[in-house]
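These notes are about the structure you will find just below.
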Amino acid sequence: MGIALVGVVSLEKRVWAFGEQPPAGSHQAPGLVRAWASQVQMDPARSRVQYLCLYEDTLLVQTDRAVLHAFDAETGRTQWTMMVGSPDRPSLQPDLNEQLVAVVNGSTLFVLNRIDGKILWKTALEGFPGAGPTLGRGRVYVPMLQGLVYVYPLQPAKDPREELGELRSPRPKRQKETPQEQRARMAEFRLSQEKIRPVVCQSIGHTMIPLRVGGQDAVSEYVAWPSHLGDLFIGVFDSRAEKMTVRHRLQTYKSISAPPAYSPPPRQKPAQGGTFFVANHEGYVWAVEEKSGMILWKFATGRTIQSAPVLIDTQLFVTPLDGGLYCLNAQTGQQQWYQPSIVQFVAASKQCVYATDKQGRLHILDRKAGTHMDSFSVAGQMLLTNTENDRIYMASPTGLVQCFRESELTEPVVHSTARAPTPQTPPPIIQQEAFPAQKEQSPPQQPQDKLFPFEQPPSKEEPVPKEKPQEAPNPF
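57 is the number of the first residue of the sequence shown in our numbering; add one for each residue after it.
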């Protein structure tokens, strides 16, 4: 514990030093300040920090003794802490969304409420999980070692007062909630305890990488995952038929060690579909359309890539295994700049990119040109690859968690590609692409999944059929 604190003091002094006296020149490093520091509730003599995960205002820290500790990402205040499963069994990397947290401990899948950490549902997996779970819209995906993908639909529990007729349905909904009212409502959320049979999708090879959720609408949800054989599979889950099928397969012929990155479609053209970005051990990076499976571009680094590509707005950052940071244009695949010796992308603001090298030094780079601005040591710290905003999160092995930010950025800079927007209305053009045979039979009111507390019902003031002539032509 004392050793970790000494490292923190020296780090803070170094940050303040270059914050007060930036180097001379046209490109000056911004001053960094420590926003907060807090301690994970763990026994530092017996356990170590294993994973850091971020979603909106929740920073989740997982230890190798099955402890989950949720912090407020902006203040460092503890939201909740919970031991999930057995400390003697391995826990895989968790996943978060607006309402839920999913984690696998041993061979048991747990689903928790993100607001208060209560276990809402759990089930024993029928096989050996290959990687951690991924949360979709009202469902959770679990890759299994033998090439299967299990999909567990999550059904909200019914209010017993509604079943007894004591509660009017539908309940009146307020137009706008305060953050406190929203959290209180989400804390009351419960899942049905009925036994759920998973929907199974078969792929080729071992699936040992978490899935990446792509585009969503009222009926379909696209997901992508790699296999150890070097194949990237793009599948579609149909909520009406409760079925998941593989739509496309990209053969790279070399192993893929990380999940793909995802770029959502433009808000003006949601039917266009998003793009997956994947890299393999041969050093190639691909951009693949999720709906058509068409390769948009391919970039060669000539060096082994084991980490996932990182998408920040219109820039794609790729780090080969032996060091170096490539900044590519995500739309064209053209190289914008290159910085040697970098091994991990950490975070990015509007002007700066933060990344570490092999010696455990955090480098500050100009985001537009890639030029070096400053650096300082963060040796021995685990740093989160933050794709959501500009904050720098790090944790010591014994559980001291810190957050750093640029002194002028009192509010986080949220990236436009942090996550795909939650669909509010069912776009008919997407349904026609996914299910062309049902074009004439599908009425405007499609059966939808039960809404979770964080989702809003479709707006009746936005008639979707009027926008059909303006949509892009069917790509199939």
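Glycine included, C-beta positions come from ideal geometry on N, C-alpha and C.
Burial state of residue i (16 or more Cβ within 10 Å)
i, result
"Gln501", "Note that Gln501 has pLDDT 49, beneath the 50 cutoff, so the model's placement of it is unreliable and no number is given."
"Gly183", "exposed"
"Arg323", "exposed"
"Gly192", "buried"
"Tyr309", "exposed"
"Glu346", "buried"
"Gln328", "buried"
"Gly141", "buried"
"Gln307", "exposed"
"Lys174", "exposed"
"Ala335", "buried"
"Arg170", "buried"
"Ile420", "buried"
"Asp312", "The residue you asked about is not Asp; residue 312 is Ile in the sequence shown. By the 10 Å Cβ count, Ile312 comes out buried."
"Glu277", "buried"
"Thr466", "exposed"
Simplified DSSP assignment, three categories, for residue i
i, result
"Leu191", "strand"
"Gln238", "helix"
"Phe491", "Because Phe491 sits at a pLDDT of 36, beneath the cut-off of 50, its placement in the model cannot be relied upon, and the following sentence gives the value as read from the coordinates. Three-state DSSP puts Phe491 in coil, outside helix and strand."
"Ala343", "strand"
"Pro78", "Note that Pro78 scores a pLDDT of 39, beneath 50, so its modelled location is shaky; the value from the coordinates is reported in the next line. DSSP places Pro78 in coil when its eight states are reduced to three."
"Pro453", "coil"
"Pro212", "strand"
"Ala26", "Outside the shown range of the chain, which is 57 to 532, sits residue 26, and nothing can be said about it."
"Ala274", "coil"
"Ala243", "helix"
"Cys257", "strand"
"Thr114", "strand"
"Val409", "strand"
"His304", "strand"
"Asn169", "strand"
"His125", "strand"
"Tyr318", "strand"
"Glu462", "strand"
"Phe401", "strand"
"Lys48", "No information on residue 48 is available, as it lies outside the stretch 57 to 532 that the chain covers here."
"Gly291", "strand"
"Arg268", "strand"
"Glu517", "Its pLDDT being 46, under 50, Glu517 is placed unreliably in this model, and the coordinates cannot settle the point."
"Ala297", "coil"
Beta-carbon gap between residue i and residue j smaller than 8 Å
i, j, result
"Val205", "Leu267", "yes"
"Val402", "Leu439", "yes"
"Asp446", "Arg423", "no"
"Leu108", "Glu444", "no"
"Thr441", "Ile368", "no"
"Lys178", "Thr164", "yes"
"Ala122", "Pro100", "no"
"Met200", "Thr114", "no"
"Leu210", "Gly194", "yes"
"Pro376", "Gly349", "no"
"Ala93", "Val457", "yes"
"Ala314", "Ala364", "yes"
"Pro254", "Val207", "yes"
"Val50", "Lys406", "The chain is shown from 57 up to 532; residue 50 falls before or after that span and cannot be answered."
"Pro453", "Arg104", "yes"
"Arg303", "Gly291", "yes"
Whole-Å CB distance - residue i paired with residue j, under 8 Å assumed
i, j, result
"Thr119", "Val96", "7 Å"
"Pro212", "Leu168", "Not a contact, Cβ separation roughly 15 Å."
"Val344", "Thr331", "7 Å"
"Arg413", "Gly455", "Residue identity differs from the one stated: residue 413 is Asp in this sequence, not Arg. Actually they do not touch by this definition, with Cβ atoms about 25 Å apart."
"Arg296", "Val275", "6 Å"
"Ile265", "Pro282", "5 Å"
"Leu152", "Leu116", "6 Å"
"Gly389", "Pro321", "Contact flag wrong, Cβ pair sits at about 18 Å."
"Asp172", "Ala243", "5 Å"
Among the options, nearest to residue i - alpha-carbon criterion
i, options, result
"Val159", "Val198, Arg133, Gln135", "Val198"
"Thr137", "Ala126, Arg145, Asp144, Glu130", "Ala126"
"Val256", "Thr301, Asp99, Arg241", "Thr301"
"Gln155", "Gly358, Ala404, His419, Glu112", "Glu112"
"Pro23", "Phe432, Gly349, Asp144", "There is no way to answer for residue 23, as the model of the chain reaches only from 57 to 532."
"Met450", "Thr370, Ala129, Phe293, Glu467", "Ala129"
"Val434", "Gly416, Val275, Ala425, Ile420", "Gly416"
"Tyr394", "Ile420, Leu152, Lys232, Thr427", "Thr427"
"Gly203", "Lys214, Pro185, Val196", "Pro185"
"Val36", "Ile448, Ser311, Pro316, Phe245", "With the chain covering only 57 through 532, there is no way to say anything about residue 36."
"Leu288", "Phe333, Pro254, Leu176", "Phe333"
"Glu250", "Ser313, Gly291, Met242, Lys214", "Lys214"
"Cys383", "Gln149, His304, Gln135, Val409", "Val409"
"Ala386", "Lys299, Phe355, Glu464, Gln236", "Phe355"
"Leu352", "His337, Asp273, Ser319", "Ser319"
"Ala404", "Gln391, Leu418, Val292", "Leu418"
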